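Novice: Position one of the sequence shown corresponds to residue 1 (this note's numbering), numbered consecutively onward. Don't be surprised by glycine CBs; every beta carbon is placed ideally from N, CA and C. Quick caveat: nothing in here was measured; it's all calculated off a predicted structure.
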Amino acid sequence: MTIALQDAQEIIDKWDQHYDRELRYWSEAVQSGRCDDTRSEFDINLLQQQRLATRDLIQAEEDFLAAKNHAYSIGVYLLETDQTSQFPDFEDDGYRLSMEHDMIVHCDWASIEKWRENISSESEKDILPSAEVDEWDNCDVEMGDSISCVAEGPERARIDRWYTAGEDSTEEIEFAQNMAFTEGGN
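Below, the structure written as structure tokens:
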């Protein structure tokens, strides 16, 4: 499935080169008298080919997502094709993301909050040295301004999974903090 998806994506990604190559072939064929298609006929033919290639890519993406979801449903976890770090999170490879949750849950939140209450804004100024700052113009970015927040298809599903995982982790951390405060207050 991954190969079919990559091949279909490569065709679309390199469509401009394909068009230029086909245009050269068409021009040579017209000049030599081997072809009598007009430029409009040539363009319509390539447009139809591009539409088919786009449909093939969409189908390959849907097939890939279906296969991936099926694999997850039976307990097989695949590496993400766009994973750039090359450090997947396997259970037996040492440090796991879930270890962060375990560290946070067992933290003494009451002592941290007590320490934070003792820090005044004046003492923060004493601790932090002043820094030289360059002035530059900036603008606020809205949530929907990033393509990563408005993606569609498989990329949207991946964003939604991360968003849901983040919400779940936040709720678990808040629950653990509340439990720690409750236990610390008794």
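1. What span of residues does the alpha helix (DSSP H) with Thr54 cover, start to end?
2. The ligand MG and Thr38: does any heavy atom of the ligand fall closer than 7 Å to the residue's C-beta?
3. Roughly how many angstroms separate the alpha carbons of Ala165 and Ala29, rounded to a whole number?
4. Would you call Thr52 buried or exposed, if buried means 16 or more other Cβ atoms sit within 10 Å of its Cβ?
5. DSSP state of Asn138, grouped into three classes?
6. So, helix, strand or coil for Ser32, using DSSP?
7. When the Cβ atoms of the segment 60 to 72 are set against those of the segment 153 to 162, are three or more pairs found closer than 8 Å?
8. Count the other CB atoms, across all protein chains shown, that sit within 10 Å of the CB of Trp26; report buried if there are 16 or more and exposed otherwise.
9. Taking the CB atoms as reference points, tell me whether Ile104 and Ala176 lie closer together than 8 Å.
10. Is it buried or exposed for Ala66, if we count other Cβ within 10 angstroms and need 16 for buried?
11. Taking a contact to mean a Cβ-Cβ separation below 8 Å, would you say Gln9 touches Leu57 in this structure?
12. Cutting at 7 Å between CB atoms, please list the residues of its own chain near Phe42, excluding the five before and the five after it.
13. Can you tell me the Cα-Cα spacing of Leu137 and Trp115, whole angstroms?
14. Let me confirm a value: Lys189 is counted as buried when at least 16 other C-beta atoms fall within 10 Å, else exposed. Which label applies?
15. Spatial neighbours of Ala4 within its chain, please: C-beta separation below 8 Å, excluding the five flanking residues on both sides.
16. Below 7 Å CB to CB, which residues in the same chain sit around Gln50 once its five sequence neighbours on both sides are set aside?
Specialist: The answer reads as follows:
1. DSSP places Thr54 inside the alpha helix (DSSP H), whose first and last residues are Arg39 to Ser73.
2. Looking at this structure, you won't find the ligand MG or any other ligand, since it has none at all.
3. In a straight line, the C-alpha of Ala165 is about 57 Å away from that of Ala29.
4. The question names Thr, but residue 52 is Leu in the sequence shown. Around the beta carbon of Leu52, fewer than 16 other beta carbons sit within 10 angstroms, so the residue counts as exposed.
5. Of the three classes helix, strand and coil, the one that applies to Asn138 here is coil, per DSSP.
6. In the structure shown, Ser32 sits in a helix (DSSP, three-state: H, G or I).
7. A contact between stretches requires three or more CB pairs, one per stretch, nearer than 8 Å, and the segment 60 to 72 meets this requirement with the segment 153 to 162.
8. By the neighbour-count rule (16 or more Cβ atoms within 10 Å), Trp26 is buried.
9. Contact: yes.
10. With fewer than 16 neighbouring CB atoms inside 10 Å of its own CB, Ala66 falls in the exposed class.
11. Going by C-beta atoms, Gln9 is nearer than 8 Å to Leu57.
12. Only Trp26 meet the Cβ criterion.
13. Here residue 137 is Asp; the residue named in the question, Leu, does not match the sequence. For Asp137 and Trp115, the distance between alpha carbons rounds to 36 Å.
14. Outside the displayed span of the chain (1 to 186) sits residue 189, for which this structure offers no information.
15. Once the five neighbours on either side are set aside, the close Cβ partners of Ala4 are Ala60, Asp63 and Phe64.
16. Residues Trp15 of the same chain have their beta carbon placed closer than 7 Å to that of Gln50, with the five preceding and five following residues left out of the count.
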